[in-house]
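Peer 1: Below is one structure. I have some questions about it.
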Amino acid sequence: MIMLHMLKGLVLVCLLLVPGSRSGNARSLFLVGGGLADDNDEIYSKFVELSGGSGQARIGVVTGASADPLDSADFYLQQFLAYGAESTYFIPVYIGNEEAANDESVVAELQGLTGIFFGGGDQSRLISLFFQNNGGQRVDTPVMATIRSLYEKGTAVVGGTSAGAAVMSGGVMVNGGMSYNALKYGSATDSPHADDLVYDQNGGFGLAKDLVIDTHFSQRGREGRMIRLLSDTRNQDHGTEFGVGIDENTAFIITSDLLGMNRFGEILGENGVFLVDVGSSSVVESNNGEWGIETVYVDYLREGDVFDLESWDTIIFADFKTDLNGNESNQDPETSDDIFYGSRGDPDLPPILTQVATSLFDCVQASTWGTTWEDKPMFQLNFIKGKYSLGFGGTNPSTGKFEISYQDLLIDIMEA
């Protein structure tokens, strides 16, 4: 894999596509990893800005993924007004009101919107609400077709949080599961066991072209399930080699031209985005027949970093970060015996896999490892600095915290 880290001065043209005000000359897809704080001024204000700006933005809200869509709708309608939207509109497509997805009066309301935001819940509800079945084929309802058209024409930014982001997947769509079960049992389109990795083989809405989107990512230790899902499904009709895992209280904003090309992703918010490429990977088996994989490339980016989704390469690290190569603070990296622990709801605990992987770039060693807590079998993840690996770090002036981003870290997974 050849990766080129481009100098900032050579990519100013890219910044022309990094999100700005709603102008109709670019597409913007605004993906939030769930756990969005009510007072996250940065993310809410950015969505309003992309929708035309304070006093101009006209934002529609979809809460059909929620078990309580009306209460959820009221929350988001008030939130966007509080952050400066000129007006808000509840798009009334939810379980129990399915026919609204075919209502021409709803379609007419959509035509005046500059932003559309999908709340969280269960992404499979959104699939059932916004598609019709035509001879076994999915067909957009009139409301879905209108949302798709507004996005493709660049006249409205489309976004969502948690399930509302996962449903944007252009590859297969993850529906649930834990990382350990994913490694042990693989992926399936259905399972009676809540911890098993299940997915929709027909994908999501498809707005995030050729990408699998997952949310609550590092906090819930979902790295293993993303890698296994991409590997298992890459040769399917909706398979892809590329995945984007978005952390909580964090946004990944994808901007492209009106043809869907020249796509760039910018990170905004408290945590980071985990990007996975299984294109060079090989599946291996242990002597006991357990699944394993070699040569998975991953990147982890934080606020202010910009990623080129066409070349699958980081093109800008935030200005406050510098190359850590030769400036490492430690001799040895961290390890873990519970690598998919995440942070289990503790905002003061850095997610374990993120902590182990980033520590490798702030030390002089070339590799580190982590194992699963479960041991029947136990899986080991090896993290390896390769030829093209880069780590950048620095103190974020807005938080006072030292942050590390990296690109092209190699991960191998095998039975321990």
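Reading the sequence shown from the start, the letters are residues -23 to -1, 1 to 393 in mature numbering (1 follows the signal peptide of the UniProt record, and there is no 0).
From the three backbone atoms N, C-alpha and C, an ideal C-beta is built for every residue, glycine too.
For residue 203, name the three-state secondary structure that DSSP assigns.
Peer 2: Of the three classes helix, strand and coil, the one that applies to residue 203 here is helix, per DSSP.
Peer 1: For residue 192, which residues in the same chain have their Cβ closer than 7 Å to its Cβ, ignoring the five residues on either side in sequence?
Peer 2: The answer, listed in chain order, is 10, 11, 139, 142, 143, 223.
Peer 1: At the level of alpha carbons, what is the spacing between residue 148 and residue 186?
Peer 2: Answer to the nearest angstrom: the Cα atoms are 7 Å apart.
Peer 1: In the DSSP assignment, what are the bridge partners of residue 35?
Peer 2: According to DSSP, residue 35 bridges with 64.
Peer 1: Expressed to the nearest angstrom, what Euclidean distance is found between the alpha-carbon atoms of residue 360 and residue 233?
Peer 2: Taking the straight line from one Cα to the other gives about 32 Å.
Peer 1: Since residue 126 is in the alpha helix (DSSP H), which residue starts that stretch and which ends it?
Peer 2: It spans 119 to 130 - the alpha helix (DSSP H) in which residue 126 sits, taken as one unbroken run.
Peer 1: So does the region 32 to 50 actually touch the region 254 to 263, counting three or more Cβ pairs closer than 8 Å?
Peer 2: Taking 8 Å as the limit for Cβ pairs, the verdict is that the region 254 to 263 does not touch the region 32 to 50.
Peer 1: Inspect the beta-carbon positions of residue 388 and residue 275 and report whether they are closer than 8 Å.
Peer 2: For residue 388 and residue 275, yes; Cβs fall inside 8 Å.
Peer 1: Beta-carbon within less than 8 Å of residue 394's beta-carbon, same chain only, minus the 5 sequence neighbours each way: which residues are those?
Peer 2: Outside the displayed range of the chain (-23 to 393) lies residue 394, so it cannot be described from this structure.
Peer 1: Which of the three DSSP states, helix, strand or coil, is assigned to residue 255?
Peer 2: Of the three classes helix, strand and coil, the one that applies to residue 255 here is coil, per DSSP.
Peer 1: Here's the rule: buried if 16 or more other CB atoms are within 10 angstroms of the residue's CB, otherwise exposed. What is residue 384?
Peer 2: Buried: at least 16 other Cβ atoms inside 10 Å.
Peer 1: Please find out if some non-hydrogen atom of the ligand FAD comes closer than 7 Å to the beta-carbon of residue 305.
Peer 2: As far as ligands go, the structure on display features none, and thus does not contain the ligand FAD.
Peer 1: Taking 8 Å as the cut-off, decide whether the C-beta atoms of residue 228 and residue 8 are in contact.
Peer 2: Yes, the pair counts as a contact, with Cβ atoms nearer than the cut-off.
Peer 1: Residue 216: which of 225, 19, 155, 183 sits nearest, CA to CA?
Peer 2: Nearest of 225, 19, 155, 183 to residue 216, Cα basis: 183.
Peer 1: Quick check: what's the CA-CA separation for residue 118 versus residue 236?
Peer 2: Roughly 23 Å separates the two Cα atoms.
Peer 1: Let's see if you can read the secondary structure: which residues bound the alpha helix (DSSP H) around residue 25?
Peer 2: Residues 18 to 27.
Peer 1: Alpha carbon to alpha carbon, how far is residue 362 from residue 314?
Peer 2: If I take the Cα positions, the gap works out to 20 Å.
Peer 1: Taking C-alpha atoms, which residue in 76, 53, 136 lies nearest to residue 120?
Peer 2: That would be 76, whose Cα lies nearest to the Cα of residue 120.
Peer 1: Need the endpoints of the beta strand (DSSP E) that residue 361 sits in, please.
Peer 2: Segment 356 to 372, the beta strand (DSSP E) holding residue 361.
Peer 1: Whose CA, out of 244, 225, 211, 390, lies closest to the CA of residue 286?
Peer 2: Of 244, 225, 211, 390, the residue nearest in Cα terms is 244.
Peer 1: When the distance is taken between beta carbons, is residue 128 closer than 8 Å to residue 150?
Peer 2: Contact: no.
Peer 1: Roughly how many angstroms separate the alpha carbons of residue 239 and residue 5, rounded to a whole number?
Peer 2: Answer to the nearest angstrom: the Cα atoms are 12 Å apart.
Peer 1: Under a three-way DSSP split, which group does residue 375 fall into?
Peer 2: The answer is coil: DSSP assigns residue 375 none of H, G, I, E or B.
Peer 1: Do the CB positions of residue 283 and residue 250 come within less than 8 Å of each other?
Peer 2: It is not a contact, given that the beta carbons lie outside the stated cut-off.
Peer 1: Judging by CA-CA distance, which residue of 173, 208, 44 is the nearest neighbour of residue 153?
Peer 2: That would be 173, whose Cα lies nearest to the Cα of residue 153.
Peer 1: Starting from residue 211 and walking both ways along the alpha helix (DSSP H), at which residues does that stretch end?
Peer 2: Segment: none, residue 211 is in no alpha helix (DSSP H) and carries neither H nor E.
Peer 1: Please list the terminal residues of the continuous beta strand (DSSP E) segment that includes residue 152.
Peer 2: Run containing residue 152: 150 to 153, per the beta strand (DSSP E) assignment.
Peer 1: How many Å lie between residue 208 and residue 164 at the Cα?
Peer 2: Straight-line Cα distance between these residues: approximately 10 Å.
Peer 1: In whole angstroms, what is the alpha-carbon distance linking residue 374 and residue 298?
Peer 2: Distance between the alpha carbons of residue 374 and residue 298: 11 Å.
Peer 1: Which residues in the same chain have their Cβ closer than 7 Å to the Cβ of residue 376, if we skip the five residues on either side of it in sequence?
Peer 2: Within the same chain, residue 376 has no close Cβ partners at all.
Peer 1: Between residue 239 and chain C, is the shortest Cβ-Cβ distance under 8 Å, so that the two count as touching?
Peer 2: The structure shown contains no chain C; it is built from a single protein chain.
Peer 1: Could you check whether residue 201 and residue 159 sit closer than 8 Å to each other, using their CB atoms as the reference points?
Peer 2: Cβ distance < 8 Å, so residue 159 and residue 201 count as in contact.
Peer 1: Buried or exposed, going by whether 16 or more other CB atoms sit within 10 Å of the CB of residue -3?
Peer 2: Note that residue -3 scores 46 on pLDDT, short of 50, meaning its location in the model is unreliable and no value can be drawn from it.
Peer 1: CB-CB under 6 Å to residue 57, same chain, minus the five flanking residues each way: which ones, in chain order?
Peer 2: 36, 65.
Peer 1: Of all the options 253, 196, 135, 168, which has the alpha carbon lying nearest to the alpha carbon of residue 188?
Peer 2: Out of 253, 196, 135, 168, 253 has the C-alpha closest to the C-alpha of residue 188.
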